[in-house]
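Okay, so here's the structure we're looking at.
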Amino acid sequence: MNFDKLDITMRVFETNADKCVLPGIYMVARIDGRSFSRLTKEVCRFEAPYDERFRDMMVETVKHLMQCGFRVVFAYTQSDEISLLFHLDENSFNRKLRKYHSILAGEASAMFTHLLGQPAAFDCRISQLPGQELVVDYFRWRMEDAHRNCLNSHCYWMLRKQGTESDSAAKRLNGLSVAAKNELLFQNGINPADRFCQWLCL
Ligand SMILES: Nc1nc2c(ncn2[C@@H]2O[C@H](COP(=O)(O)OP(=O)(O)OP(=O)(O)O)[C@@H](O)[C@H]2O)c(=O)[nH]1
Ligand SMILES: [Mg+2]
-8 MNFDKLDITM
2 RVFETNADKC
12 VLPGIYMVAR
22 IDGRSFSRLT
32 KEVCRFEAPY
42 DERFRDMMVE
52 TVKHLMQCGF
62 RVVFAYTQSD
72 EISLLFHLDE
82 NSFNRKLRKY
92 HSILAGEASA
102 MFTHLLGQPA
112 AFDCRISQLP
122 GQELVVDYFR
132 WRMEDAHRNC
142 LNSHCYWMLR
152 KQGTESDSAA
162 KRLNGLSVAA
172 KNELLFQNGI
182 NPADRFCQWL
192 CL
């Protein structure tokens, strides 16, 4: 078989499962650190619950993703995840999903590894959202997730730093309302509004 024939024959196996996002559908990518629980706690021993150096590296990674060749119009990062909203007319690679998944995970992994000085990897998934309301709901969902996690982990680590054992700290927070957790932080001199969320817009 000559090369041209071999090329045509083999490409079918590579591209058979290719899917493209339909025109008129909003794409939002979520890029998430792989096994960052281990990376943040065991490998790098970052400050808990939130580490400024880690936050700054995530923000630099977001900036890189916003400038790596796609039409990103909005980005949001919390914890080890980054969400990117693409322009409705984004059309790179004919909107082929595997290209977005692989390139965004690769670009994030490369940038974060470069900043950290040791290997770190990200995965990537794309939500396909058929309307602006769902785009708003997507970001409300991630922000609410961030808010709940922040509140809980600030309370947990505040108790731990005051000498409470891990089991007792978890038990004390179990079943506490959001208002009660906020009050617990306020009583200990922490204003949750000062601590939460990173935003970047273009
Ligand atoms: N110490 C510390 N940990 C952080 C910080 N930001 C995020 N993390 C941790 O990063 C982890 C992110 O959670 P997940 O994405 O659910 O867990 P994961 O281990 O990355 O698992 P996979 O995403 O499924 O691979 C949690 O354990 C967080 O506590 C930080 O600023 N400091
Ligand atoms: Mg993760």
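Using this note's numbering, read the sequence shown as starting at -8 and increasing by one per residue. C-beta: ideal position from N, C-alpha, C; glycine also. All values derive from a computational prediction rather than experimental measurement.
With a cut-off of 8 Å on Cβ pairs, the region 90 to 98 is in contact with the region 12 to 30, counting three or more such pairs. The region 70 to 80 makes contact with the region 21 to 28; the number of CB pairs closer than 8 Å reaches 3 or more. Residue 54 and residue 112 have their C-alpha atoms some 17 Å from each other. Counting only beta-carbon distances shorter than 5 Å to the non-hydrogen atoms of ligand 2, the qualifying residues in chain order are 23, 24, 27, 71. Contact between residue 103 and residue 68 does not hold, since the beta-carbon distance rounds to 11 Å and is not under 8 Å. Taking all protein chains in view, the Cβ of residue 139 is surrounded by fewer than 16 other Cβ atoms within 10 Å, so the residue is classified as exposed.
Taking the Cβ of residue 144 as the reference point, at least one heavy atom of ligand 1 falls within a distance shorter than 8 Å. Here residue 180 has no same chain residue with a Cβ atom under 7 Å from its own Cβ, once five neighbours each way along the sequence are excluded. If you look at residue 170, you'll find it in the alpha helix (DSSP H) that goes 169 to 178. Rounded to the nearest whole angstrom, the C-alpha separation of residue 36 and residue 132 is 29 Å.
The region 137 to 153 and the region 166 to 174 touch, with no fewer than 3 CB-CB distances between them shorter than 8 Å. In the DSSP assignment, residue 97 falls within the alpha helix (DSSP H) that extends over 88 to 107. A check of alpha carbon separations from residue 16 across 120, 157, 124 identifies 120 as the nearest.
Residue 7 and residue 177 have their C-alpha atoms spaced approximately 56 Å apart. In the displayed model, residue 12 falls within coil according to three-state DSSP, outside both helix and strand. Taking a 10 Å sphere around the C-beta of residue -6, we find fewer than 16 other C-beta atoms and assign the residue as exposed. Under the 10 Å beta carbon count, residue 61 is surrounded by 16 or more other beta carbons and is classified as buried.
For residue 144, the enclosing alpha helix (DSSP H) starts and ends at 123 to 152.
Bridge partners of residue 69 according to DSSP: 72.
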